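So in the UniProt record's numbering, spot 573 of the sequence shown is number 573, and the numbers just go up one at a time.
For glycine and all other residues, C-beta sits at the position ideal for the given N, C-alpha and C.
This one's a predicted model, so the numbers in the text were calculated from it and none came from an experiment.
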Amino acid sequence: MRHDRIAEPWGHRTPYEPGKPWPVRVDMHLADGVDEQDVEKWVPSASILHSNGDAMEIAVRDGGIVGVRGRAGDRVNHGRLGPKDLFGWQANASPDRLTKPLIRVGGRLVETDWDTAMNRIVQRSKELLAEQGPSALGFYTSGQLFLEEYYTLGVIAHGAIGTNHVDGNTRLCTATAAQALKESFASDGQPGSYTDVDHADVIALFGHNVAETQTVLWTRMLDRLAGAKPPALLCVDPRPTPVAKAATVHLAPLPGTNLALMNGLLHEIIEHDWIDRDYIDANAVGFDELAAAVAEYTPERVAEICGVAAADVRRAAELLGTARRLLSTVLQGFYQSHQATAAAVQVNNMHIVRGMLGKPGCGILQMNGQPTAENTRECGADGDLAGFRNWANDEHVAELAKLWNIETHRIPHYAPPTHAMQIFRYAEQGTIRMLWISATNPAVSLPQLSRIRSILAQERLFVVVQDLFRTETAELADVVLPAATWGEKTGTFTNADRTVHISEKAVDPPGEARADLDIFLDYARRMDFRDKDGDPLPPWRDPESAFEAWKRCSAGRPCDYTGITYERLRGGGIQWPCNDRYPDGAERLYENGEFFASPRYCESYGKDLITGTPVEPTEYRALNPDGKAIIKAARFVPPHEQPSADYPFALITGRTLYHFHTRTKTARAPQLQAAAPQVWVELSSRDAAELGVAEGDMVRISSPRGAIRARARITGIRAGVLFVPFHYGYWDQPDGEHEHQRAANEMTVTDWDPASKQPIFKTAAARLERLAGAHGHPAPAPTATASAPTTPGIAATVGGSAALDDELLEVPNR
1 MRHDRIAEPW GHRTPYEPGK PWPVRVDMHL ADGVDEQDVE KWVPSASILH SNGDAMEIAV
61 RDGGIVGVRG RAGDRVNHGR LGPKDLFGWQ ANASPDRLTK PLIRVGGRLV ETDWDTAMNR
121 IVQRSKELLA EQGPSALGFY TSGQLFLEEY YTLGVIAHGA IGTNHVDGNT RLCTATAAQA
181 LKESFASDGQ PGSYTDVDHA DVIALFGHNV AETQTVLWTR MLDRLAGAKP PALLCVDPRP
241 TPVAKAATVH LAPLPGTNLA LMNGLLHEII EHDWIDRDYI DANAVGFDEL AAAVAEYTPE
301 RVAEICGVAA ADVRRAAELL GTARRLLSTV LQGFYQSHQA TAAAVQVNNM HIVRGMLGKP
361 GCGILQMNGQ PTAENTRECG ADGDLAGFRN WANDEHVAEL AKLWNIETHR IPHYAPPTHA
421 MQIFRYAEQG TIRMLWISAT NPAVSLPQLS RIRSILAQER LFVVVQDLFR TETAELADVV
481 LPAATWGEKT GTFTNADRTV HISEKAVDPP GEARADLDIF LDYARRMDFR DKDGDPLPPW
541 RDPESAFEAW KRCSAGRPCD YTGITYERLR GGGIQWPCND RYPDGAERLY ENGEFFASPR
601 YCESYGKDLI TGTPVEPTEY RALNPDGKAI IKAARFVPPH EQPSADYPFA LITGRTLYHF
661 HTRTKTARAP QLQAAAPQVW VELSSRDAAE LGVAEGDMVR ISSPRGAIRA RARITGIRAG
721 VLFVPFHYGY WDQPDGEHEH QRAANEMTVT DWDPASKQPI FKTAAARLER LAGAHGHPAP
781 APTATASAPT TPGIAATVGG SAALDDELLE VPNR
């Protein structure tokens with residue numbers, strides 16, 4: 001069976017009933033002229049272009065990648081692949097890959113050899129360490145490297161150098177997920193499992209456009225909806241996403257009011273006694289404070305704050321309160337908005353008060369936005385300490401120092417690790433003077449881009465960029481290192497439901513490009529980092545020995561990998577914790593009310609949800625001496641920036657189905673780029689009529705910080721709200737257009753959540769002005785997604801023959 005997977009992103013249905021296994025469907029796409037029998041070898045891997053962790057095999061012929069197919073036996077996807085999985089691999093062979101290091105000479109980047117490039121980095125590192133000490137150096141990494149690389153970077157930065165300035169672009173996507181879990185359970189780690197989709201009778205998606213961000217997970221939900229006894233869906237999203245269109249109840253709150261909505265839903269659940277009092281008494285602290293805090297958030301008050309109907313609030317609350325098996329998922333609509341952590345914590349509260357944890361169909365997935373975001377958190381490459389250790393617990397720091405065989409004082413723990421937005425502020429102020437950026441593109445992805453560009457362009461800041469292409473960020477670097485990518489190196493990565501996969505090297509990287517692990521280790525050797533015994537730090541030399549070292553670091557911690565090996569992973573994904581107690585991995589966390597929350601063991605003592613002030617250890621011990629789940633309440637506070645007479649719209653940004661992050665890879669996959677080639681802006685029919693804007697008109701969107709131009713797509717989005725995808729930078733814009741006119745983050749605000757420190761991309765004020773007519777050109781926005789037009793006659797987005805995949809329901813033994 002063949003399908004155009006641009007026109008039909010989720011493929012065809014394989015319905016199933018609750019409690020039954022999800023049927024297998026193997027998706028495969030090979031390059032033109034290549035048949036399955038032409039493939040010389042199939043190499044195990046998983047998706048690197050979203051967080052679902054779809055397991056696949058890479059097809060290799062004549063030393064190159066020629067396609068992919070899903071792995072039928074894997075627990076995550078049962079053989080299915082999404083559009084980015086099927087087509088994104090083509091970016092590996094893009095002719096503009098970096099193949100040699102670059103250094104800046106006379107204001108220009110010129111090619112050089114590895115010794116020259118690395119010696120320049122080492123020389124500057126040593127100068128700064130001598131002049132200022134470890135605080136002069138900062139590292140900003142990605143959510144797309146491998147576990148072994150993150151752990152190596154964490155050891156180098158925290159242990160060998162001793163800098164506290166380490167974070168990743170996971171701060172933009174998953175920091176609130178981690179913080180919300182720490183607030184409720186005192187430790188990171190997803191309570192739920194993707195298999196909860198197979199059992200749930202209600203699935204609630206809070207700010208999570210799963211249809212576009214994790215297409216295969218949505219495929220699983222669609223197959224449940226198509227089967228007998230389908231689940232009811234609750235969707236909270238201001239856009240008319242595919243999830244919203246399939247939902248039993250759709251709530252479209254005004255951006256920035258999620259916490260008020262969640263307080264209202266909890267008010268109704270408590271008011272109607274849809275709670276499990278025995279579970280609460282045995283397994284949680286803080287319920288009385290929650291009940292008092294949400295008492296004033298009646299449906300009528302919520303309706304006034306959020307701009308939703310009070311009757312819909314009641315319907316949604318009843319759906320949640322009477323579910324027998326409730327699965328909740330949360331993503332950027334909450335994480336990148338005002339009071340992010342406080343709102344996400346209320347989703348956790350809902351499951352705690354209903355006693356819906358640790359049972360089939362009863363789970364929480366505080367989702368990740370990136371494929372290896374979980375690993376940055378586990379390995380200490382995102383502002384945490386390795387192994388979910390508590391930076392405020394001296395015993396945990398000493399334990400880590402013993403593992404690394406260094407003195408405890410070498411690991412900075414005098415204050416919380418520096419978050420990304422503070423790292424860039426320190427660079428702006430001149431206290432961070434070297435910034436090493438790996439596998440990410442902050443010149444497009446961070447808020448208020450004019451400020452970010454000015455920071456990176458400073459003469460006093462030495463910038464190292466480690467990437468595949470000459471991105472917008474690389475153009476501002478002093479040294480650019482060509483990196484290998486997925487399919488060109490070996491390592492492991494962990495998805496949003498704790499499933500670990502191995503990705504093995506299938507082909508050689510182009511030119512002189514090197515694996516990120518090899519680059520980090522090369523730097524450590526040239527810097528001559530040593531442990532207490534004079535041995536190299538870190539001591540490992542290849543991916544598998546790095547993984548074995550990580551297992552020792554994870555032993556006895558919530559993210560215990562000790563039962564996992566490379567050989568076992570070649571048979572398919574395995575969830576952590578995997579150890580003697582859970583030899584095949586734990587499907588769910590927190591069964592029988594067992595939490596990672598005891599004061600001596602927990603990863604975090606938590607923070608004040610409104611101010612972000614850390615909870616003191618003594619305060620935590622008094623609150624939760626027995627290590628129970630923690631119910632935390634917070635009042636709604638209006639956003640700092642709200643629509644006004646000058647800027648009457650609420651502006652939100654986000655990702656879409658066919659692209660990932662800043663399009664570094666997906667723009668180089670022909671089918672994906674053709675499906676969404678340029679930026680657009682979505683506005684409602686009502687707003688379009690008032691402004692005299694028609695489909696495809698060129699408009700100017702501006703905020704107090706900057707402006708862009710884009711074509712208008714008129715959709716069913718909530719009135720008063722504008723949506724702009726954030727993927728688009730400036731490197732490929734048509735001649736004659738200002739190079740920075742397409743990046744949505746020209747307009748976003750420098751602000752972040754007080755608890756998670758995640759930047760706010762979904763609470764800003766903006767205005768829109770019509771510039772020119774469409775002249776017969778609709779907006780370059782896809783039609784099968786949340787950007788579906790309300791204007792009749794717009795041609796459907798299709799991929800044609802180049803986008804056909806094979807979908808196999810009966811898989812022969814291979």
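{"Check": "Given this structure, state the Cα-to-Cα distance separating Glu591 from Val249, to the nearest angstrom.", "Outcome": "30 Å"}
{"Check": "Can you check DSSP and say which residues form a bridge with Pro725?", "Outcome": "Gly654"}
{"Check": "Please go through the segment 421–483 and give each complete beta strand (DSSP E) segment of 3 or more residues, from N-terminal end onward.", "Outcome": "434–438, 462–467 and 479–482"}
{"Check": "Mind listing, in chain order, the continuous alpha helix (DSSP H) runs of no fewer than 4 residues lying wholly within the segment 22–87?", "Outcome": "83–87"}
{"Check": "Do you know how far the Cα of Ala136 is from the Cα of Pro230?", "Outcome": "56 Å"}
{"Check": "On the DSSP bridge list, what partners appear for residue 815?", "Outcome": "Residue numbering for the chain in the displayed model covers 1 to 814; residue 815 lies beyond these limits and cannot be assessed."}
{"Check": "Indicate the three-state DSSP secondary structure (helix, strand or coil) for Ile161 in the structure shown.", "Outcome": "helix"}
{"Check": "Per DSSP, Leu804 forms a beta bridge with which residues?", "Outcome": "Asp4"}
{"Check": "Grab me the residues of Gly736's own chain with a C-beta within less than 8 Å of its C-beta, minus the 5 sequence neighbours each way, in chain order.", "Outcome": "For Gly736, the predicted structure reports a pLDDT of 41, less than 50, and the residue's modelled location is therefore unreliable. A value from the coordinates is still provided. For Gly736, where only same-chain residues beyond five positions count, there are no Cβ hits under 8 Å."}
{"Check": "Check whether the segment 545–554 touches the segment 179–188, taking contact to mean three or more Cβ pairs, one atom from each stretch, closer than 8 Å.", "Outcome": "no"}
{"Check": "Run through DSSP, which three-state label would Tyr140 get?", "Outcome": "strand"}
{"Check": "Could you check how far apart the C-beta atoms of Ala344 and Thr176 are, in whole angstroms? I think they sit under 8 Å.", "Outcome": "6 Å"}
{"Check": "When you compare the CB positions of Arg410 and Ala398, do they come within less than 8 Å of one another, or not?", "Outcome": "no"}
{"Check": "Please report the straight-line C-alpha distance between Ala788 and Ser756, rounded to a whole angstrom.", "Outcome": "33 Å"}
{"Check": "Alpha carbon to alpha carbon, how far is Gly563 from Pro583? Give it in angstroms, no decimals.", "Outcome": "6 Å"}
{"Check": "Would you say the segment 679–697 touches the segment 712–723, given that touching needs at least three Cβ pairs under 8 Å?", "Outcome": "yes"}
{"Check": "Could you check which residue in Asp35, Tyr658 and Leu222 has the C-alpha nearest to that of Pro670?", "Outcome": "Tyr658"}
{"Check": "Could you give the distance in angstroms between the alpha-carbon of Val39 and the alpha-carbon of His78?", "Outcome": "22 Å"}
{"Check": "Can you check whether the CB of Asp27 is closer than 8 Å to the CB of Glu810?", "Outcome": "no"}
{"Check": "On the CB-based measure, 16 or more other CB atoms within 10 Å of its CB, does Thr116 come out buried or exposed?", "Outcome": "exposed"}
{"Check": "For Thr785, which of Val24, Glu17 and Pro83 has the nearest alpha-carbon?", "Outcome": "Pro83"}
{"Check": "Pull the bridge partners of Val249 from the DSSP assignment, please.", "Outcome": "Leu234"}
{"Check": "Between Asp62 and Ile48, what straight-line distance do the alpha-carbon atoms span, to the nearest angstrom?", "Outcome": "23 Å"}
{"Check": "Quick one: what's Phe649 bridged to in DSSP?", "Outcome": "Ala766"}
{"Check": "Could you compute how far the alpha carbon of Arg525 sits from the alpha carbon of Pro648?", "Outcome": "55 Å"}
{"Check": "At a cut of 8 Å, does the segment 490–506 reach the segment 461–474 through at least three beta carbon pairs?", "Outcome": "no"}
{"Check": "For the pair the segment 160–177 and the segment 415–426, tell me if three or more CB-CB distances fall below 8 Å.", "Outcome": "yes"}
{"Check": "In chain order, what are the residue ranges of uninterrupted beta strand (DSSP E) at least 3 long that sit wholly in the segment 341–417?", "Outcome": "363–366"}
{"Check": "What residue range is occupied by the uninterrupted alpha helix (DSSP H) comprising Leu261?", "Outcome": "Asn258 to Glu271"}
{"Check": "Is it the case that the Cβ atoms of Val721 and Pro255 are separated by a distance below 8 Å?", "Outcome": "yes"}
{"Check": "Pairs of beta-carbons, one from the segment 224–240 and one from the segment 279–288, closer than 8 Å: are there three or more?", "Outcome": "no"}
{"Check": "Report the rounded CA-to-CA distance for Glu587 versus Ser193, giving the unit in angstroms.", "Outcome": "6 Å"}
{"Check": "Helix or strand or just coil, what does DSSP make of Pro759?", "Outcome": "strand"}
{"Check": "Locate the alpha helix (DSSP H) running through Arg668, then write down its first and last residues.", "Outcome": "Arg668 -> no alpha helix (DSSP H), and no H or E assigned at all."}
{"Check": "Does the segment 145–153 come into contact with the segment 121–136, if we say contact requires no fewer than three beta-carbon pairs (one atom in each stretch) closer than 8 Å?", "Outcome": "no"}
{"Check": "Taking only three categories from DSSP, how would you classify Lys126?", "Outcome": "helix"}
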